[in-house]
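In this note's numbering, the protein residues as written are 1308 to 1520.
Shown next as structure tokens:
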């Protein structure tokens, strides 16, 4: 049976840059204690990073400087592992759609569950809570786009939903000035009909359903 080091090499050779604790334990046949010790050693050697318990990123030399790959490459994998729907939004989504005036120093993800922010290497991830009622109403394919990456795709708010999210959560979007700049950068690219439908679909929701905690 392969060692954990060999297992990591095999996963990378398959183009798979992550693993879960359960599948790795099954593949290498280590006891939980031995697995934990091996993982600790590999994290110190910068072969693994651990953004969440039971979920590990396999690092290549290109990831060593930052301490982890760009979260856009693995956020979908992480959220699938946790069984939580999501969308990349706010400043990171605005930058994706072409608003480069605001530097996205934090990778912001909107979720219908309260999750603590965390840092991994040079990356900081912030999870913005939206009540399930509001999240379910807008997190649908007609207002969600795809951010392509080496691992596949990640969900990102479309232009119209990005504008709405930034306006609703302006204090997470560089303030009123930042939102004004994003609107200036992206407004002309928004589809008027889609924007109107989105606004009408959220009009019936109590404002409290958009609160952040």
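Where is the CB? At the ideal position from N, CA and C, for every residue including glycine. On a predicted model such as this, the values are computed, not experimentally measured, just so you know.
For residue 1315, the uninterrupted alpha helix (DSSP H) segment begins and ends at 1311–1320. The stretch 1390–1405 makes contact with the stretch 1441–1455; the number of CB pairs closer than 8 Å reaches 3 or more. In the three-state reduction of the DSSP assignment, residue 1490 falls in the helix class. In the DSSP assignment, residue 1358 falls within the unbroken beta strand (DSSP E) covering 1355–1359.
Taking a contact to require three or more Cβ pairs closer than 8 Å, the stretch 1448–1457 and the stretch 1476–1491 do not qualify as touching. Beta-bridge partners of residue 1446 (DSSP): none assigned.
Inter-residue distance for residue 1380 and residue 1431 is about 14 Å (C-alpha atoms, whole angstroms). Taking a 10 Å sphere around the C-beta of residue 1415, we find 16 or more other C-beta atoms and assign the residue as buried.
Per the coordinates, the alpha-carbon of residue 1322 lies some 43 Å from the alpha-carbon of residue 1507. Per DSSP, residue 1430 is one residue of the beta strand (DSSP E) stretching across 1430–1436.
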